[in-house]
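Residue numbers (the working numbering), protein chains in the order written: chain A, 302 to 561; chain B, 693 to 1024.
Below you'll find the structure, written out as structure tokens, and then a few comments.
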């Protein structure tokens, strides 16, 4: 409860800070909706020609894309620093968070708003409604799926970027990891063989950002929900452990920095 | 019980080396050359509750590293420390409720927002209720004379104004101990004085202990009762500021610029002429404050010509440290 109260104030402050530049904020959010739409157009054209790829149809793609965009957007909008944790670590910018009586990781992640995240999040819902499979129950499952997918996505980003404590760098690593997980998440999972699937479930958990939650949105199933919850808990526990191990090696820095 | 107890604290950083050029970068990728840098080398000291203690030393002496260990930001390599009864790196969150920090090079105020927004957020971070936070902000605003600055976005404040807001923010939760790392860095003389006065007054009013790092001997004279001088990660001197002043901060440097050219044999009684810059009409002198009072030097300088500009400063810290070393050797 106390953490939630703190998070709400932090998000309010974040939003106020982002709103100092309203035009930039809105143009980034709207721009991202257009960007996602144009990106998805390729799949519309593709399925117009082939109708089905190993059992996957355009409506499945709408769902997968909706969940991936939603999770990506939710992470950016509310935990924006998940995308530049490595830079924060190597730049010595954890000092600020470490000198305040809050959970470092939660505080650092929630301290930045990526305006385009709101565009992605909205696009996620638009994509869901466009899938032709929308229903009240489905919407509830869609929201739950996005929440779990976001947790797994953020945990993956923390895991990858915590390596910065050991490597001393991490910026390029992050971009690579984000690209990998998003790209694999929005491809029809039926395209991959068993070995590739192991990677997509356990190493780069892209399956939990696309195919698995999409199946859950289509039809409720306890095993699917259980596997998503288990993956979220497992990846988060791993991420927290690695981050806190890394913190012991944190070297701070003397670069001049500001909290924006 | 002392507010801070430190025993044999050391911190070693691993530094990567790389020669210039792309080939060296590629080689460093596979076989990085790592060496250890000892930033803090076995220091021990104590600080009483409510004490005003100065930590000074040139850049790279280990001041900031020590303060960062004491706040729980860095883990030490070895040694023990207790701050207000907590081990900083193990009980960081509990400790953070009782200490305030200001890092001159790392502002905590949100850059695009007015200071009042950060202060309100800090109220939530420290779990104060809204009424408490408001009352405390009003109190601090008065003490630091920042009432008119609170609603201006921080990016539009001058450095001096911003630092006053920073120190005010660090006192929001009524900490028992304030850790200030270079609070006067980059400030002009007036702003420095302003911030020193405000810190001193607040510390006295609320009985807050202050541990301050600086590479400016002026901060120390104005704020601290006791001083620890660090050099290359080790304590080279610790004593009362008054003793340090009596023994080592005995000389002042004066730089004067005149409206007309300075004679090549320019001399002021009781001072040593260090440099005459004839083309810039300037002269640099040093004098011993125990033998020649500042007022008499000033009077003689103004008699000598029309003064355009004048600066009086303490000798650089490096000279003070050299003197401390020299004395230690003589005693040995």
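Idealized CB from N, CA, C, for every residue including glycine.
Helix, strand or coil at residue i [DSSP, three-state]
i, result
"residue 367 of chain A", "helix"
"residue 727 of chain B", "strand"
"residue 1005 of chain B", "strand"
"residue 482 of chain A", "helix"
"residue 717 of chain B", "helix"
"residue 773 of chain B", "strand"
"residue 394 of chain A", "coil"
"residue 358 of chain A", "coil"
"residue 989 of chain B", "helix"
"residue 954 of chain B", "coil"
"residue 710 of chain B", "coil"
"residue 880 of chain B", "coil"
"residue 961 of chain B", "coil"
"residue 533 of chain A", "helix"
"residue 802 of chain B", "strand"
"residue 742 of chain B", "coil"
"residue 901 of chain B", "strand"
"residue 974 of chain B", "strand"
"residue 922 of chain B", "strand"
Residue-level contact to chain B via CB, residue i, 8 Å cutoff
i, result
"residue 514 of chain A", "no"
"residue 311 of chain A", "yes"
"residue 392 of chain A", "no"
"residue 403 of chain A", "yes"
"residue 321 of chain A", "yes"
"residue 549 of chain A", "yes"
"residue 428 of chain A", "no"
"residue 304 of chain A", "no"
"residue 338 of chain A", "no"
"residue 469 of chain A", "yes"
"residue 544 of chain A", "no"
"residue 484 of chain A", "no"
"residue 328 of chain A", "no"
"residue 307 of chain A", "yes"
Cβ of residue i within 8 Å of any chain A Cβ
i, result
"residue 660 of chain B", "Any property of residue 660 of chain B remains undetermined from this structure, which presents chain B solely from 693 to 1024."
"residue 696 of chain B", "no"
"residue 836 of chain B", "no"
"residue 819 of chain B", "yes"
"residue 710 of chain B", "no"
"residue 747 of chain B", "no"
"residue 766 of chain B", "yes"
"residue 805 of chain B", "yes"
From the options, residue whose alpha carbon lies closest to that of residue i
i, options, result
"residue 479 of chain A", "A/531, A/384, A/349", "A/384"
"residue 415 of chain A", "A/447, A/328, A/542, A/369", "A/328"
"residue 492 of chain A", "A/420, A/508, A/540, A/504", "A/508"
"residue 893 of chain B", "B/822, B/1004, B/835", "B/835"
"residue 708 of chain B", "B/717, B/700, B/1013, B/701", "B/717"
"residue 729 of chain B", "B/966, B/754, B/715", "B/754"
"residue 710 of chain B", "B/724, B/803, B/872", "B/724"
"residue 828 of chain B", "B/795, B/862, B/760", "B/862"
"residue 452 of chain A", "A/551, A/510, A/355", "A/510"
"residue 515 of chain A", "A/486, A/534, A/498, A/499", "A/486"
Residue i versus residue j: straight-line alpha-carbon distance, rounded
i, j, result
"residue 320 of chain A", "residue 896 of chain B", "40 Å"
"residue 738 of chain B", "residue 745 of chain B", "10 Å"
"residue 805 of chain B", "residue 422 of chain A", "26 Å"
"residue 525 of chain A", "residue 362 of chain A", "19 Å"
"residue 800 of chain B", "residue 398 of chain A", "9 Å"
"residue 696 of chain B", "residue 774 of chain B", "6 Å"
"residue 845 of chain B", "residue 336 of chain A", "33 Å"
"residue 798 of chain B", "residue 977 of chain B", "36 Å"
"residue 495 of chain A", "residue 720 of chain B", "37 Å"
"residue 536 of chain A", "residue 781 of chain B", "26 Å"
"residue 386 of chain A", "residue 935 of chain B", "47 Å"
"residue 395 of chain A", "residue 1014 of chain B", "36 Å"
"residue 960 of chain B", "residue 760 of chain B", "46 Å"
"residue 364 of chain A", "residue 354 of chain A", "15 Å"
"residue 941 of chain B", "residue 1007 of chain B", "8 Å"
"residue 988 of chain B", "residue 995 of chain B", "11 Å"
"residue 529 of chain A", "residue 450 of chain A", "8 Å"
"residue 703 of chain B", "residue 465 of chain A", "20 Å"
Run of the alpha helix (DSSP H) containing residue i, from where it starts to where it stops
i, result
"residue 998 of chain B", "First-last for residue 998 of chain B: undefined, no H or E at that position."
"residue 409 of chain A", "405 to 410"
"residue 351 of chain A", "323 to 351"
"residue 438 of chain A", "437 to 463"
Span of the beta strand (DSSP E), counted from its first residue to its last, around residue i
i, result
"residue 758 of chain B", "Residue 758 of chain B -> not in any beta strand (DSSP E); alpha helix (DSSP H) instead, spanning 755 to 763."
"residue 871 of chain B", "869 to 873"
"residue 428 of chain A", "Element bounds for residue 428 of chain A: not the beta strand (DSSP E) but the alpha helix (DSSP H), 416 to 431."
Original post:
Got a sec: which bits of the segment 772 to 800 of chain B sit with their beta carbon under 7 Å from any beta carbon on chain D, in order along the chain?
Top reply: Protein chains A and B are contained in the structure displayed, whereas chain D is not.
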